[in-house]
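Scroll down for the structure; my scribbles are underneath it.
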Amino acid sequence: MTASTFADFPDVEVKLPAPDDPIRLGSEAHKALFCDTLLRTHDPYKPAVIDWPKLDEQTRARIVSLPIWDIAVQTEEKAGWNVRTYGEVVSDPLLKAAVAMDAFEESRHKLVLANMVEAYGIKLDPEPAYRRPKDPEWAFMVTGYSECIDSFFGFGLFEIARSSGFFPTELVDTFEPVMREEGRHILFFVNWVAWWRRNMPFWRRPWFELKVLAVWLFLIAERIGIAGDMEKSDKAQDNNFTLNGSKELGVEITFPELARVCLRENDRRLAAYDPRLIRPVFVPNMIRLALRFMKAPPVAA
339 MTASTFADFP
349 DVEVKLPAPD
359 DPIRLGSEAH
369 KALFCDTLLR
379 THDPYKPAVI
389 DWPKLDEQTR
399 ARIVSLPIWD
409 IAVQTEEKAG
419 WNVRTYGEVV
429 SDPLLKAAVA
439 MDAFEESRHK
449 LVLANMVEAY
459 GIKLDPEPAY
469 RRPKDPEWAF
479 MVTGYSECID
489 SFFGFGLFEI
499 ARSSGFFPTE
509 LVDTFEPVMR
519 EEGRHILFFV
529 NWVAWWRRNM
539 PFWRRPWFEL
549 KVLAVWLFLI
559 AERIGIAGDM
569 EKSDKAQDNN
579 FTLNGSKELG
589 VEITFPELAR
599 VCLRENDRRL
609 AAYDPRLIRP
619 VFVPNMIRLA
629 LRFMKAPPVA
639 A
């Protein structure tokens, strides 16, 4: 085991397993590895000093027209609240430091987006009043599983926007740190779930699994617009951007083609991290299953 400390969290010491040591999910070594990965790979960029590239009017108009900016800003603000609130009830020093880092980066995403919309003159609706979550664990899980869905499709759409030229290279480079952080956050979250499942009191496990199911049902309902009083229909429609966003990007692409780009980008972005850490599997596996039942396009003669 090796030890390291972090300048931002000087009181936290991390005892890491050796690179070749196997990792048992739920162990102290597992916790050390997924917390260390989040802390060690932190990018200290400052949103206030981002030099937003000057865009020609046509490119700016395309970006302004995307129906995502209101919900994106609000989602990042809520994510920061949710993660930060959960961090307040965590007692383990290392996990608390990692959750605090997660919360800081989520809130920083909101600042990045706020500065961007100001730089490009994007008009936003007034933000709603944000309420402190009543159940910190529920709020953290909603944010974590939501990011697992949105990041999977977001990785693919970001690549399509890059390769199609919808986002100019300068803007792609500016947003790349945010995309990397989304990958780090979902990696941290799914490993936290695996670790917590094995360390919570035995009597809590059935309730936790019911809570996981409830979170997924909530998120599915949100995305198909039937969440009733929980979500307004226009917001639910915006949340579906990660599923049908290729049309908004002006790219003609079939769902199987989009799905394969998302799978490839998801694998590529998460491949950078220690293979002993588990990856989000539910959404990728559902997409792979769906592709098995879709007809392959005819081969051109």
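The numbering used here puts the sequence shown at residues 339 to 639. A virtual CB, placed ideally from N, CA and C, is assigned to each residue, including glycine. These numbers were taken from a predicted model, which means no experiment stands behind them.
Cβ-Cβ distance between Leu376 and Phe513 below 7 Å: Here residue 376 refers to the residue found at position 38 when the sequence shown is read from its first residue. Here residue 513 refers to the residue found at position 175 when the sequence shown is read from its first residue. Taking 7 Å as the Cβ cut-off, Leu376 and Phe513 do not qualify as a contacting pair.
Can you tell me which of the three DSSP states Lys369 falls into? Numbered from its first residue, the sequence shown carries residue 369 at position 31. In the three-state scheme derived from DSSP, where H, G and I count as helix and E and B as strand, Lys369 is classed as helix.
Does the CB of Trp390 have a neighbour CB from chain B at under 7 Å? As a matter of chain content, chain B is missing from the structure shown, which is built from one protein chain.
What number of angstroms, rounded off, separates the C-alpha of Ala610 from the C-alpha of Asp374? The residue labelled residue 610 in the question sits at position 272 within the sequence shown. The residue labelled residue 374 in the question sits at position 36 within the sequence shown. Roughly 14 Å separates the two Cα atoms.
Within the region 381 to 416, ranges of the alpha helix (DSSP H) (whole runs, at least 4 residues): Counting only runs of 4 or more, we get 395 to 402.
Mind reading off the beta-carbon distance from Val516 to His447? Whole number of angstroms is fine, and I expect it under 8 Å. What you label residue 516 is simply residue 178 of the sequence shown in a count that begins at 1. What you label residue 447 is simply residue 109 of the sequence shown in a count that begins at 1. Going by Cβ atoms, the distance from Val516 to His447 rounds to 6 Å, so yes, they are a contact pair.
Can at least three beta-carbon pairs, one atom from the region 546 to 563 and one from the region 462 to 471, be found at a separation below 8 Å? When Cβ pairs closer than 8 Å are counted between the two stretches, the region 546 to 563 is seen not to touch the region 462 to 471, the count staying below three.
Taking 6 Å as the cut-off, is the C-beta of Cys600 nearer than that to any heavy atom in the ligand GDP? Annotation note on the ligand GDP: not contained in the displayed structure, which lists no ligands.
Can you give me the Cβ contacts of Val402 inside the same chain, cut-off strictly under 8 Å, excluding the 5 residues immediately before and after it? Along the sequence shown, read from residue 1 onward, the residue named residue 402 stands at position 64. Result list for Val402: Tyr458, Gly459, Ile460, in chain order.
Met479 and Val428: beta carbons closer than 7 Å? Walking along the sequence shown from the start, residue 479 turns up at place 141. Walking along the sequence shown from the start, residue 428 turns up at place 90. Result no, Cβ atoms of Met479 and Val428 do not sit closer than 7 Å.
Go ahead and label Thr423 buried or exposed: buried means 16 or more other beta carbons lie within 10 angstroms of its beta carbon, across all protein chains shown. Position 85 of the sequence shown, counted from the first residue, corresponds to residue 423. It is buried - the Cβ of Thr423 has at least 16 other Cβ atoms within 10 Å.
Keeping to the same chain, check which residues put their C-beta closer than 7 Å to that of Val510; ignore five residues upstream and five downstream. The residue you call residue 510 lines up with position 172 of the sequence shown. The beta carbon of Val510 sits closer than 7 Å to those of Arg500, all from its chain and outside the five residues before and after it, given in chain order.
Contact belief for His523 with Glu475 at Cβ below 8 Å, rounded distance in angstroms: Position 185 of the sequence shown, counted from the first residue, corresponds to residue 523. Position 137 of the sequence shown, counted from the first residue, corresponds to residue 475. The pair is not a contact, with the Cβ atoms about 17 Å apart (cut-off 8 Å).
8 Å Cβ shell around Pro466 - same chain, five flanking residues per side excluded: Here residue 466 refers to the residue found at position 128 when the sequence shown is read from its first residue. Setting aside the 5 residues that flank it on each side, Pro466 is surrounded in the same chain by Gln412, each with a C-beta closer than 8 Å to its C-beta; the list follows chain order.
Would you identify the three-state DSSP class for Val427, choosing helix, strand or coil? Translated into the one-based positions of the sequence shown, residue 427 becomes position 89. In this structure, Val427 counts as coil in the three-state DSSP scheme.
Hey, Leu449 and Pro385 are a contact pair by Cβ (cut 8 Å); roughly how many whole angstroms apart? Your numbering for residue 449 matches position 111 in the sequence shown. Your numbering for residue 385 matches position 47 in the sequence shown. Contact flag correct, Cβ pair sits at about 4 Å.
Please report the distance separating the alpha-carbon of Phe504 from that of Ile558. The sequence position of residue 504 within the sequence shown is 166, counting from 1. The sequence position of residue 558 within the sequence shown is 220, counting from 1. Distance from the CA of Phe504 to the CA of Ile558, rounded to the nearest whole angstrom, comes to 29 Å.
Given Ser445, which residues of its chain have a CB within under 7 Å of its CB, disregarding the five upstream and five downstream residues? Walking along the sequence shown from the start, residue 445 turns up at place 107. Around Ser445, the same chain offers Gly418 as residues with beta carbons nearer than 7 Å, after the five sequence neighbours per side are excluded.
Among residues of its own chain, excluding the 5 on either side of Ala367, which ones have a beta-carbon nearer than 6 Å to its beta-carbon? The residue you call residue 367 lines up with position 29 of the sequence shown. Excluding sequence positions up to five before and after Ala367, its CB lies within less than 6 Å of the CB of Pro355, Ile361, all in the same chain and listed in chain order.
Using 10 angstroms around the beta-carbon of Asp473, count the other beta-carbons present and answer buried if the total reaches 16, otherwise exposed. As a working mapping, residue 473 is identified with position 135 in the sequence shown. With fewer than 16 other Cβ atoms within 10 Å, it is exposed.
Glu465 (DSSP reduced to helix, strand or coil): In the sequence shown, counting from the first residue as 1, residue 465 sits at position 127. In the structure shown, Glu465 adopts coil according to DSSP, grouped into three states.
Sort Trp534, Asn453, Ala438 by Cα distance to Ala410 and report the nearest one. Here residue 410 corresponds to residue number 72 of the sequence shown, with the count starting at 1. Closest option to Ala410, Cα to Cα, is Asn453.
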